[in-house]
Amino acid sequence: MTKNVHTLIYFLKIKKSTSTTHLNGTHARRPRRAKFTRRQDGGFQWQVLFRSDRWVFNSLSNSVRTRLVSLCEVCGVVIFRWVLLIVLLCVSARAVDRSNFKTCEQSAFCKRQRELKPGRSPYRALLDTLELSDSRITLQLINDNNKVRLLLELYRLQGNMTRVKINELKPLKPRYEVPDATHTIRTNSLVLSLGGKDQRLIVSAQPFRLDIVEGPQVLVSLNSRGLLAFEHLRARKDTFTSWFLLLKGRVPPKMNIFLIIFSLPGHPRYIDPYRLYNLDVFQYELHNPMALYGAVPVLISHSTDRTMGIFWLNAAETWVDISSNTAGKMMFGKILDSVQVSSEAPQTDVRWISESGIIDVFIMLGPKPADVFTQYASLTGTQTHRERFHRTLLCIRNSQKYIVWVKIIDFPLCQKSLVFLSLQLVAIVDPHIRVDSGYTIHNEILSKSFYVKNKDGGDYEGWCWPGNSGYPDFTNPEMRAWWASKFAYEQYEGSMENQYVWNDMNEPSVFNGPEVTMHKDALHGGWEHRDVHNLYGLYVQKATADGLVERSGGVERPFVLTRAFFAGSQRYGAVWTGDNAAEWGHLKISIPMCLSLGLAGISFCGADVGGFFKHPSAELLVRWYQAGAYQPFFRAHAHIDTPRREPWLFGPENTALIREAIRQRYALLPYWYQLFYNAHRTGYPVMRPLWVEYPDDVATFSVEDEYLIGKDLLVHPVTDEGATAVTAYLPGKGEVWYDVHTFQKHDGEQSLYIPVTMSSIPVFQRGGSIICRKDRVRRSSSCMENDPYTLYAALNSQGSAEGELYIDDFHTFNFEKAKQFVHRHLSFSANTLSSRNLAPDSQFSTASWIEKIVIIGGSQPSSATLKNAESALEFEFDSTLAVLTLRKPGVNAAADWTVILR
Numbered sequence: 001m002t003k004n005v006h007t008l009i010y011f012l013k014i015k016k017s018t019s020t021t022h023l024n025g026t027h028a029r030r031p032r033r034a035k036f037t038r039r040q041d042g043g044f045q046w047q048v049l050f051r052s053d054r055w056v057f058n059s060l061s062n063s064v065r066t067r068l069v070s071l072c073e074v075c076g077v078v079i080f081r082w083v084l085l086i087v088l089l090c091v092s093a094r095a096v097d098r099s100n101f102k103t104c105e106q107s108a109f110c111k112r113q114r115e116l117k118p119g120r121s122p123y124r125a126l127l128d129t130l131e132l133s134d135s136r137i138t139l140q141l142i143n144d145n146n147k148v149r150l151l152l153e154l155y156r157l158q159g160n161m162t163r164v165k166i167n168e169l170k171p172l173k174p175r176y177e178v179p180d181a182t183h184t185i186r187t188n189s190l191v192l193s194l195g196g197k198d199q200r201l202i203v204s205a206q207p208f209r210l211d212i213v214e215g216p217q218v219l220v221s222l223n224s225r226g227l228l229a230f231e232h233l234r235a236r237k238d239t240f241t242s243w244f245l246l247l248k249g250r251v252p253p254k255m256n257i258f259l260i261i262f263s264l265p266g267h268p269r270y271i272d273p274y275r276l277y278n279l280d281v282f283q284y285e286l287h288n289p290m291a292l293y294g295a296v297p298v299l300i301s302h303s304t305d306r307t308m309g310i311f312w313l314n315a316a317e318t319w320v321d322i323s324s325n326t327a328g329k330m331m332f333g334k335i336l337d338s339v340q341v342s343s344e345a346p347q348t349d350v351r352w353i354s355e356s357g358i359i360d361v362f363i364m365l366g367p368k369p370a371d372v373f374t375q376y377a378s379l380t381g382t383q384t385h386r387e388r389f390h391r392t393l394l395c396i397r398n399s400q401k402y403i404v405w406v407k408i409i410d411f412p413l414c415q416k417s418l419v420f421l422s423l424q425l426v427a428i429v430d431p432h433i434r435v436d437s438g439y440t441i442h443n444e445i446l447s448k449s450f451y452v453k454n455k456d457g458g459d460y461e462g463w464c465w466p467g468n469s470g471y472p473d474f475t476n477p478e479m480r481a482w483w484a485s486k487f488a489y490e491q492y493e494g495s496m497e498n499q500y501v502w503n504d505m506n507e508p509s510v511f512n513g514p515e516v517t518m519h520k521d522a523l524h525g526g527w528e529h530r531d532v533h534n535l536y537g538l539y540v541q542k543a544t545a546d547g548l549v550e551r552s553g554g555v556e557r558p559f560v561l562t563r564a565f566f567a568g569s570q571r572y573g574a575v576w577t578g579d580n581a582a583e584w585g586h587l588k589i590s591i592p593m594c595l596s597l598g599l600a601g602i603s604f605c606g607a608d609v610g611g612f613f614k615h616p617s618a619e620l621l622v623r624w625y626q627a628g629a630y631q632p633f634f635r636a637h638a639h640i641d642t643p644r645r646e647p648w649l650f651g652p653e654n655t656a657l658i659r660e661a662i663r664q665r666y667a668l669l670p671y672w673y674q675l676f677y678n679a680h681r682t683g684y685p686v687m688r689p690l691w692v693e694y695p696d697d698v699a700t701f702s703v704e705d706e707y708l709i710g711k712d713l714l715v716h717p718v719t720d721e722g723a724t725a726v727t728a729y730l731p732g733k734g735e736v737w738y739d740v741h742t743f744q745k746h747d748g749e750q751s752l753y754i755p756v757t758m759s760s761i762p763v764f765q766r767g768g769s770i771i772c773r774k775d776r777v778r779r780s781s782s783c784m785e786n787d788p789y790t791l792y793a794a795l796n797s798q799g800s801a802e803g804e805l806y807i808d809d810f811h812t813f814n815f816e817k818a819k820q821f822v823h824r825h826l827s828f829s830a831n832t833l834s835s836r837n838l839a840p841d842s843q844f845s846t847a848s849w850i851e852k853i854v855i856i857g858g859s860q861p862s863s864a865t866l867k868n869a870e871s872a873l874e875f876e877f878d879s880t881l882a883v884l885t886l887r888k889p890g891v892n893a894a895a896d897w898t899v900i901l902r
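When the count follows full-length UniProt numbering, it moves up by one through the sequence shown with no breaks and lands on 902 for the last residue.
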């Protein structure tokens, strides 16, 4: 509450700001007064230009805001400000005002559909309408209650997937089908047999039901409880369209759900379903199924027998209701079921409820985790390959006009200084455009009629940071092409090759809109906003990424950070978890949030280090840097009204701890880069839950406080205040793990008690792996480009290890277009360490070389010889830790070489 008072008092000061720019990763805001402009109809239009992001006006409910605006029009700005102060002093300290956002009970279509009870379905399959082709089966369904017919389409896709589409046979008008989120879908002609071993598709006519079975096991059932309800289009204007489908899978209840970046294991079953509707939620709550910034409608189930996935391709508001026949049972009840050999098979039911569009669902049959990742990647694409190793984010926002520099400092000179320091600049470019006849960008969009329209056909306008704003229609390909052209160096005055972009507020955020977003009846060409809402942020990021690629003639890789996202956003850049808070719970939840995003295809994920809102203690800040250093996207970012939190402001001891965490991050950049290359090729997540690599180990299924980076590093960040110890689970029967800091060896398949101090970051390397690092301390990753590598080979119980090394130019598409890269396989076996080429047809040279080799868990040799040069290598052996260090092999990182130990 003190924070609210402080912020509002600052807002009430009538005082000009001397600067709008902050270069420490904060949002820059200039203090603004509430002001009015006269509308053509004689009324007033209020422009909200606040210094504080949401503390002042947007944190209030819609009803309170409306009353305050009315009061302001009657009584004037001065009285309005004092009333606003009193209101804010009385506002609850609760983080998010839930009255701003709908529950299922308040959403007409969700409430209507959720009130349906299981029973006999009114839908019947008309088997005499069945048609077969080389790519699909079509079959008509009829609702016996209203006689409306639907068209069911079944596709057998390559890679062990099945696609199910249901639409009206003869709708009053076309229904929206989501484009651009998926790649070209390739089908398989083996329809009836599904192309898999013993896999069959069974269609029951009356009532309609569809089952996918493998041998005697039912893998997935559609409409098994008779809850399919497809509301057909009607002429009545007050009737919205919605529909519902229930999918049932006979899989154990330990499921991971990747919706709205939550994960299910360990969380209670909520009264409300999960809501998929991209929204700007002020200070979001933890462990809450309400909507958030992004939505990826993917669900993955995993058991010791099988991994499967469901991809629900719909961009409208969607609710996902999950239930299990074992939910609510205490541990004793589950044990009793197993002892008594309960006849009730574990089963999870998933109810998908979408407001508009069609039913379009992809069933990914696995059967292994890697198969599901490959299947989903074939549909929506893979994570973009990271541009460069790493970057320093210096974030600038001009809250009035985008693509125009504020005249406070000489930005071209500033950027040249950054280039000299090998640093990068990231400028915020949001999708709301200030309505201002003196603003060229606005005038061009207006002249081309590229703005989203309101229901009456005029340009849609709403409030955001610049005040009264228009919203470009990014669903229009012509609009996206125009937007991309604005990033050309000659168009974006003052921009340089070291400048990249951050798309914020792209849900889209509309401060005075319903639920702080766009009205559902706004128009995108012939479609209402309700049809395309969750696609808007993806299209903003896509257009921006296209612009950064085009400005270089298609040569350079882009970097675009986005807050809003959808399935397929991984193709265009990075995502962060939004406006979190400086609280231990937010640090802890960043792990399952990023794990869920990674499993849903978006590997380039991270959280604001230190929390966006509030002020972290020194302990929390240190722990957050230590955790963030081991997450894919790593940056510090804070609200402008929080106290300064640069690491050197927390005392020399804490500064040293943060510096060490960052150095560990930089040393591992070669490993991160290799993992991103593999993610780009395969769709495999960079940051992984333990069960992905150990699918048969039930103990890993509910672990969400530790994770794997690739398959070879296990990280258990310290996320509890005042912790003196953590317990880390080391998976893998017969495997060994090594503490990366002490090289101490530990057996797998055990819970390890680890005493911790403030300097501790529990990280373990898997025995049997080789990880490449660059251990020289540098100012930036660009300065590390030609530095030598150190190889860390951690031996397994058989005395062997293997790994990879990947190198390219770190910034262009030449690795794809011209096969200009180095990809090496490193292996240690029978006392021989060697490097061989994994890509013989690639051509690339590097100045980097092998400086040192550290073999962990080995024995002392009598000699070490570099076979290529027949030269002896210097080495030393620590018998206490069983660590052998070979110094200066001196071979080029791209060459074939062999080291023999005798």
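All residues carry an ideal CB built from backbone N, CA and C; glycine is no exception.
Three-state secondary structure (DSSP) of residue i
i	result
Val148	coil
Pro670	helix
Ile761	coil
Ser338	For Ser338, the predicted structure reports a pLDDT of 44, less than 50, and the residue's modelled location is therefore unreliable. A value from the coordinates is still provided. Reduced to three states, the DSSP call for Ser338 is helix.
Tyr176	coil
His302	strand
Ile271	coil
His432	coil
residue 903	For the chain, the structure presents residues 1 to 902; residue 903 sits outside this window and is missing.
Glu870	coil
Asp53	Because the pLDDT of Asp53 is 39, which lies under 50, any placement of that residue in the model is unreliable, and the question is left without a value.
Ala108	helix
Leu657	helix
Leu210	strand
residue 903	Because the chain here runs from 1 to 902, residue 903 falls outside it and cannot be looked at.
Glu619	helix
Val419	helix
Where the beta strand (DSSP E) containing residue i begins and where it ends
i	result
Glu804	801-807
Val777	Looking at the DSSP string, Val777 is not in any beta strand (DSSP E), and its letter there is neither H nor E.
Trp648	First-last for Trp648: undefined, no H or E at that position.
Inter-residue CB distance, residue i and residue j (contact presumed, cutoff 8 angstroms)
i	j	result
Phe634	Gly606	6 angstroms
Ile322	Val350	6 angstroms
Gly309	Gln375	7 angstroms
residue 983	Ile363	Residue 983 cannot be examined here, being either before or after the span of the chain that is shown, 1 to 902.
Ala794	Arg766	7 angstroms
Leu826	Leu791	7 angstroms
Ile900	Asn831	7 angstroms
Delimiting residues of the alpha helix (DSSP H) encompassing residue i
i	result
Ile441	440-447
Leu538	536-551
Met593	584-599
Thr374	369-380
C-beta contact flag for residue i and residue j at 8 angstroms
i	j	result
Arg551	Gly357	no
Phe813	Phe821	no
residue 991	Asn160	Only positions 1 to 902 of the chain appear in the structure, and residue 991 is not among them; the question remains open.
Gly568	Asp180	yes
Ser469	Ile433	yes
Thr742	Ala627	no
Ser842	Lys819	yes
Asn654	Asp608	no
Asp696	Thr304	yes
Leu833	Gln674	no
Beta strand (DSSP E) segments (min. 3 residues) lying fully within the segment 452-529: Positions of the beta strand (DSSP E) runs, each at least 3 residues long and wholly inside the segment 452-529, are given as 461-464, 467-470, 499-503 in order along the chain.
Beta strand (DSSP E) runs wholly inside the UniProt domain "Glycosyl hydrolase family 31 C-terminal" (683-771), at least 3 long, in chain order: Complete beta strand (DSSP E) runs here, min 3: 707-709, 713-715, 725-730, 736-739, 745-747, 750-755, 763-766.
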